[in-house]
Every structure is written in C-alpha cells, then in structure tokens.
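Quick note, the sequence shown lines up with residues 5 to 738 if you use the working numbering.
So the structure is just underneath, and the comments pick up after that.
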Amino acid sequence: MGNAARVWTWLRALPLHTLIIAGLLALTVALRIADPDAIARLRLSAFDTFLKLSPRVADPQFPVKIVAIDEASLKAVGQWPWPRNVLAKLVGRLEAAGAKAVALDLILPEADRLSPTQFTKAYSNDPAFTEIASQVAELPTLDAQLATALGKAPSILAFAGQDGAAGLPGPLKAGFAKAGDPPEQFVPTFPGSVSNLPILTQQARGLGAANWMPERDQIVRRVPLLVRIGETLFPSLALETLRVGQGSSTIFIKSSGGSGMSAFGQQTGIELLRVGRVVLPSDGRGELWLRFAEADPRRTISASEVLADDFDPSAVAGKFVFIGATAIGLHDLRATPLSPAVPGVEMHAQALEQMLSGSHAVRPAYATGLELSFLVLAGVFVAWLLGRAGPLSAAGLGVIAIGAVGIGAFMAYRSYGLLFDPVYPSLALGLVYSAGSLTNFVRAEQERKRVRSAFGSYLAPELVEELVAHPEKLKLGGENREVTLLFADVRRFSALAEGRDAESLVAFVNRLFTPLSEAILAERGTIDKFMGDAVMAFWNAPLADPKHAERGCRAALRMLGELDDLNAELAKEAEDASQPFEPIRIGVGLNTGLCCVGNVGSPERFDYSVLGDVVNVASRLEQLTKTYGIGIIVGEPTAKAALGLAFLEIDRVVPRGKTRAQAIYALLGDETLDLDPQFQLLKPLFSKLRWALEKQDDNDAEAALEACRRIGLPAAEPLLACFSDRLRSLQAGG
C-alpha cells in the first residue's frame, strides 16, 4: 500500500466532525494568509478601536507646532496662494524666533505670479509700462526672497511622489547608512515627483515626501518614512524634519539580515530607522503606524499671529514647526481613526510628535504567525472540549479565551504599543465552535435515532429517553456485568395454536405477548428477543439498576397477573361464542449472575443481548416450572438479592456446566404475601416437608404435607400438589 493510500485510509478512519473542524481550521488559516479586503478591514477596525480607547497622550509642551494657514490668516493676508514674500516673512519670523526646524507642507512648483518677471510679461504690450519695465525687471523676484529666507532657516520643503510625473524632486539632502537587504526594494516607489522651484529646493536644508498611503477604506493609519523616486531613496517630510531639527546628516536604515544573522532566505523588509538617538520601528515597508493623539488647539498657531507685530517668539522657540493649510476651503483634509477630517499638516506634525515621544504603535513581524498559532491551538482545544465536555463548557471556555485574547491584545497595545489582531482569530474560533457544535448536534441526533431504533422495541420509553439524554450511559461494546435474566414460555403452545390459520395465530401471539411485554417494560426491563412462544428479558443493562433482581421478580409476578386478566377475557369471549376454553399458562425462570452484555452482530445490524451461563440456567429454571407445577422459579442468587418477596426453597439442583448444587425457589407473591401470617407459618412446615422427602421419610413428609394443607394458602396449592405426587411416588416405591 502506497503512502497516499495509507493517508487516505487514515483520513477515512477519522470521525466526521474531526475532519470538518480540521478543514475549517485549514480554510481559516489559508484565508488569513491570503488576507482579502474583508479580513484586512476587520483587523484594522480592531486597531482603530484600540486607538480610540487609548490614544497617544500628547506632550503638554508640544515640541511640534503647526503654523496654520487658516480662515483667520486668509482674512488678514488675502486669498491663497499668498505672494512668496509673505511666505518669506513667515519663515524669517520663525527662524528669528529660534525654531529648530521649519517645514513647509506646501509644494511650490511654479513661479510666483506677482514676481517682477511675471509682472513684466503681463504688461509687456502696454506702452505706458515701457519706461519702467527695465527698472522693474531689475527687482529681486519674490521666489528669490523666499529662497533667501529658506537658506537662512533650518528649512524643509515637501514634495510628492507621483506615478504620472518624471524627475527627482531635487538634490538629496540626507545621507543614508544601510545594514541588511537594500531598503529600496521594500518602500513605496514612484517614477517621478511633483516638486518645488529649483531656486527654492537648492536653498532648503531638507527635502521630504509628503505622500500618504491610506488603507483600502481611505483612512490614514500609516505614514511612509521612506519613498523611492526612480532609483533614489528620499525620507518623508516628518523624518526629514526630525533630521534637520536634530542637526543630523545621516539616517540609519536596518533591514532584514542586518543583524549579521541569516533570515533563512526570507526578506522581511525594513526593521527600524535611526536618526540621531531617535529609533523608529518600521512595518517592513518602511512605514510608521501612527498612534494619533487627540486634536488640541495648543498645537496650532495661526499664521496671522506669526506675521503680526506683537508675535511672541517664545511660542515657537526650540520647537519643530510645520507650515500648512488648515482652512477647509483649501481642501487639504484626511480621514484618521479618530476623526473623519484632519488637516494633512497635522498628521505630519503628529507623526513627528510620535517620533520624539517614542510612543509608537508597532505591528511585530511575528504577529501574523502568533495569531495563526493561537487560532489553530485554540481551535483544536475547542474541538477537543466539544467532544469531551459538551457544547456549553466549550462555549464558556471559548468565550473566556476570546475575551482573554481581546483584553490581552488591548493591554499589549496600551502598555507596549503592540498591534495584535483579536478579531479574525476570535471570529474564526467562533466559526470552528459553531461548525463543531452543529456537527456534534447532527451526530447526537443520529445517535439518538440509532438508540431509539435499537432500543425502542424492547426498552421502556422512559429508559429509551434516558439513554437518548445520556448516551454516555450506554456502552455498545461488550462488557461484563451482573444481570438478572428472565425466560418465559407458553405451556402447551402447540395445542393452543392447533386449528388456527397464520393470520389468527399471529394475532393471538401478539395479544398474548403485549401484556407480558408491558409487564416487563413497566419494571424497567430490557426485552432481548421473542422466540416463538417464549420471551427473554434482562435487567441492569444497558442502564444500571441496583434493584435488578427485585424488578425481575416483580415483572414475573406482573406477567402472571396480566395473564390472569387475559384468561378472564378469553374465557368470556369463549363463553359468548359457545366454544370450549383452555386457560393459557406460562412458566417463568429467573436467574442472576455475571455475563457479557453488548452488541451481537455488526455495527450496521446488531442486537443488544447477553451471553453466558446465567442465560442457560434461567432457561433451565423456566423448564423446571413444568416439573414443579408452579408459575415462577428463581435461582438462589436472585432470591438472595430480592429480599422481602414471598420465596419458598423447593429443591437443590446442579445447573448444567456446574459442579455445586444450588437452591432453587418458588416465587409465590410480593411483600404482601411474605408478611402474611399464613405464609410465615407455611415456610418452616414446607421446609420440613422438603427435607423429609429428601430423607425419604414418608411419615414425616406426610405429616408436614398435611400441616401445610391445613394452613390453606391458595398460592401454595399448586406446589403442595406437586409435593403430594412426590410423596405418593415415594410411598409406592417403598
């Protein structure tokens, strides 16, 4: 047999619910690895919730300030765009106030329309302008004024990488030190950029990319720290502002394999960046997860205040400053997890704030593997619980596990800034539980159907329902157990059946065995089988019954009572039909002992039955009822276990296959008869009669027999008639 065949054989041997749960676990793992949009959104929604519950706490000193081109500034200065000399004045004011860095979240790709050269072109055809045209042309341009201001200040200009553009944004200002795999292969890449006038770019101390990379739902959660324009690596605007403000010249980049250790052939991307003493974690693509703080007006200064004569320089002294638009009409708004509309410049400022504070949100490289490991282990554990402890326990522990994962993931974020996804593993675990529960339910229903089918015909309905409710009480394999066996046989059945056709004979047998079966079931017995004119039943299996011997004896007494009622009905029917009537008589044998109980047959078609010597002895005792002329004979173990009923020891016999003689007893009635004074008088006298006959003392036997008859107990008359015949045989032989 090949390996594939062995695996197939092994799989076919597994339970169906195991295969279903294993398949679901494999499917959920595969979906997570594929990471479709719906699953990614679930994960991001969890991270958004964490951020809303625990936003970054901003430094009350606000080391990063925003100089806002807001509605008040537009009202004071005029419509946008402002002349470049106004921007030059703004930059100059910030430089003079002692700002560490001045970053312009603005892109100025065209010359100022109010510059002298532009003005000269506009009025070149006007004769009145000819006389002063040469003087105007000699004036410095407004762009040059801004360039001069940028050159004096620790300034940073923004650019934007763009797919449809071409060319670099300008000369690279930052230096890079790299360790590990080349970072260029991991970061967002653009063929070109939209950038500023060369005169401005040359004077600025830094160039940074202002690109945002929103998620599929257009919410900004990460900012690229690095972008590639063509083949050249550039820092982001926030990162470049950090570098310039710290007076650093170099940005250190560590990628996979940068620790001198093998990554086993895996290129996991950029691990971290360092600028001076500031270390920044990366998600592999050179992106920084933003841990936003709540919006705070203390972070923002209106540009009109900076341009005013009474501007207080201490407001920006020693601060990192971003100049950007916040006015709604300028349309520089972005959506974040905390707000649907945030000015783009504020996100740059918050990114730099986060860099300075070190309060980061990090999605570790091992996070996905850890989440998948939890999913598989928890799924296997829940599946195991479903098979062992039941659906409620599994659900309870599953809810606890899911709650622990959710709380643990949130605490990891709150305390350490680690981003672990609690949503998908929890939903997948819920799916596994639901599928396992459904499978178990279907399997349980099939098992209930099987139990009802297997036992409904020969167990009392309440016992069947007990087995259905508690199938663990049923052991369908063989087991050794003490049981009480009952055999009942109709006497002279051939004579009773004579003259009946098949249809009437079946109706007669059904009418006979219906009350007898009901008597057995009423005492919680299990009907093993019907054998023509005989029935076999047992107690203490499949459900344990500590009173099995007593219940078997009571069932036998019930059977005789039901038979008396049936005979009365049949006698009345015969009388009405003017037909002769012969009463139906049965003999019942009972015995108790250890035997094998369980399936007899195959898993598809089986009979729940008993095997052992106890069965043979019970059958033999039933046959002895004909010899002794009484209805019920029980073995010694049964009589000793069913105390309180009216037993008379009638003989000692050696059962087939045994060497030691055992006492056999006639069961004459229940505890009412046992407490009857007449029965109490009869017991010792009958014992004398039996011993006298065994000693063949006909005189003592005759006296004891006469004494027994004088008591006049009707239930003992058939037995006394039998012993009278034995006495006559003894006397005749003597």
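Backbone N, C-alpha and C define an ideal beta-carbon position, used for all residues, glycine too.
Values in this document were obtained by computation on a predicted structure and should not be read as measured data.
Residue span of the beta strand (DSSP E) that contains I160, given as start and end: 159-166
Below 8 Å on the Cβ atoms is my guess for G179 versus T254; work out the distance and round it to an integer in Å. 4 Å
Out of curiosity, what's the CA-to-CA distance linking L246 and G210? 10 Å
When the cut-off is 9 Å and only beta carbons count, does A387 lie next to chain B? The structure shown contains no chain B; it is built from a single protein chain.
Can you give the Cα-Cα distance for K477 and V539, rounded to whole angstroms? The pLDDT assigned to K477 is 48, lower than 50, so where the model puts this residue is not dependable, and the model offers no usable value.
When you compare only the Cα positions, how much space is there between F51 and R232? 28 Å
Drop a sphere of 10 angstroms on the beta-carbon of R225, count the other beta-carbons inside from all chains shown, and report buried for 16 or more, exposed for fewer. buried
Just the C-alpha distance for D674 and D617, rounded to the nearest angstrom, thanks. 27 Å
For T372, does the three-state DSSP call read helix, strand or coil? helix
Contact set for I636: own chain, Cβ-Cβ below 6 Å, skip 5 residues either direction: A560, V592, L671
Give a yes or no on whether the C-beta atoms belonging to G744 and S252 are separated by under 9 Å. Residue 744 cannot be examined here, being either before or after the span of the chain that is shown, 5 to 738.
Using the Cα positions of L734 and E653, report the straight-line distance between them to the nearest angstrom. 20 Å
Out of curiosity, what's the CA-to-CA distance linking F268 and G261? With a pLDDT of 41 at F268, under the threshold of 50, the modelled position of this residue cannot be trusted, and the question is left open.
Own chain residues within Cβ distance below 8 Å of A399, not counting five before or after: Y437, S441
Delimiting residues of the alpha helix (DSSP H) encompassing W695: 681-698
In whole angstroms, what separates the C-alpha of A331 from that of P113? 21 Å
Start-end ranges of the alpha helix (DSSP H) lying completely within the segment 321-366, minimum 4 residues: 348-361
Where does W84 fall in DSSP's three states? coil
Span separating the alpha-carbon of D425 from that of A38: 15 Å
Which residue's Cα is closest to the Cα of L740: G328, A353, L294, R278? Given that the chain is displayed from residue 5 to residue 738, the structure contains no residue 740 and the question cannot be resolved.
Who are the Cβ neighbours of V68 in its own chain at under 6 Å, not counting the five residues just before and after it? F324, A353, L356, E357
The alpha helix (DSSP H) that contains F491, what's its start and end? Taken as a continuous stretch (DSSP letters only), F491 belongs to no alpha helix (DSSP H), being part of the beta strand (DSSP E) at 483-494.
Cα-Cα separation between V346 and I203, rounded to whole angstroms: 31 Å
Cβ neighbour criterion (16 or more within 10 Å) applied to S430: buried
Start-end ranges of the beta strand (DSSP E) lying completely within the segment 207-252, minimum 3 residues: 210-213, 226-228, 230-233, 236-239
Where G412 sits in the DSSP three-state scheme: helix
F194, buried or exposed, once every other Cβ within 10 Å from all chains shown has been counted against 16: buried
Give the secondary structure of Q189 by DSSP, where H, G and I count as helix, E and B as strand, and everything else as coil. helix
Measure the alpha-carbon distance for Y612 versus G602 and round it to whole angstroms. 5 Å
Of the residues V198, D109, P158, L709, the one placed nearest A321, counting alpha carbons only: P158
Kindly give me the distance between the Cβ atoms of L94 and A307, rounded to whole angstroms, as I take these residues to be in contact under 8 Å. 6 Å
Assuming N703 contacts T642 (C-beta within less than 8 Å), just tell me the rounded distance between them. That belief does not hold up - the Cβ atoms of N703 and T642 are roughly 34 Å apart, past 8 Å.
A645 beta carbon near the ligand FAD (any heavy atom closer than 8 Å): The ligand FAD is not part of this structure, which contains no ligands at all.
Which same chain residues end up closer than 8 Å to L284 when comparing Cβ atoms and leaving out the 5 residues on each side of it in sequence? L229, L243, L276, L277, R278, L292, M359, H364
Straight-line CA distance for A312 to A72? 14 Å
Taking the alpha-carbon of P546 as reference, which of V487, E577, D580 has the nearest alpha-carbon? V487
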